[in-house]
Amino acid sequence: MRNLLLVIILSTVLINWAQGNLQFNQAKIISNTDPPQTVPAGKVWKIESVFSDASADTYAVDGSGATQAFFSACGIPSFYFHYYGRYLAINSIPLSFGIHSAGHQMTNLPIWVPAGSTICTCTSASYCARGYSVIEFNIIP
Amino acid sequence: MKQFILSLILLGCGAYHAQDTSFVKSAYGGSSLTVPEGVSWEIEKAFINGGDGYNILVSNTNFKPVYASGEKLQTPYYMAEMELLDKKDGVYYILYIRQQINK
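Structure below.
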């Protein structure tokens, strides 16, 4: 009996999660001088584009960077960053949106960011993304 | 007596609301659904899906307030909300329809 109840409750929860219904709320552009952004409860963000602030848009991975503490405001320790990497940090993970000299983009867009996640920017022109654009959706039943 | 009247009112309310049924239908963009004879349809809410794991709520202004019996409900081939989908080929609609029996 207890197991049956558990199955029913789990099924209900899973069905509700599987809905995936979204309503457009707003488009946002966040600059790298803005404070860290936390996705509000009941929303989901879709990062559509990440902007470059470097004179060069491509970078080679090997031996072309430096260990820096760009995201210390978000509690991220020093990390080896590559020049022109167009970095953002999502939930304490530094991510490069730069284009590798071999031709591929290091992180594919779009990225879906769930409620409660934090997105941090940094301001170095040689390393950091200039900003990013997001679409904010309401999660609806 | 009071309870009898209350029961009658409740029965009446139940019978009145029993005229309405709600259901979900899906249709590809640009296709049409025909309202059966003797009923009318009202779109409660509508979503679009491009084959990804999420549905986008679309405005009800894309549809008529009421579709009469025999009328065709045409799903738009394109609407602005489709720009929110990653895949725009083979977009289909999920329509939450309230059906009323014509009196």
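So the sequences go chain by chain: Z and A. With the numbering used here applied, the first sequence has no gaps in its numbers, which climb one by one up to 804 at the end. With the numbering used here applied, the second sequence has no gaps in its numbers, which climb one by one up to 203 at the end. Every residue, glycine too, gets a C-beta built ideally from N, C-alpha and C.
query: Touching by the beta-carbon criterion (3+ pairs, under 8 Å), the segment 773–787 of chain Z and the segment 725–741 of chain Z; result: yes
query: 7 Å Cβ shell around N688/Z - same chain, five flanking residues per side excluded; result: K706, E799, F800 and N801
query: Beta-carbon gap between T730/Z and Y747/Z smaller than 8 Å; result: no
query: DSSP state of T735/Z mapped onto helix, strand, coil; result: Going by the sequence as given, residue 735/Z is Ser instead of Thr. S735/Z: helix per DSSP, three-state reduction.
query: Beta-carbon neighbours of Q686/Z, restricted to chain A and to distances below 8 Å; result: I156 and L157
query: Stretch pair the segment 766–777 of chain Z + the segment 704–718 of chain Z: three plus CB contacts closer than 8 Å; result: yes
query: Cross-chain neighbours of I798/Z in chain A, by beta carbon under 8 Å; result: L184
query: Residue closest to Y192/A, alpha-carbon to alpha-carbon, out of F123/A, L157/A and E137/A; result: L157/A
query: As assigned by DSSP and simplified to three states, the class of N684/Z; result: strand
query: CB contact below 8 Å: F147/A versus chain Z; result: yes
query: Short Cβ contact (8 Å threshold) for M182/A with I148/A; result: yes
query: Chain-ordered chain Z contacts of G153/A [CB-CB under 8 Å]; result: G683
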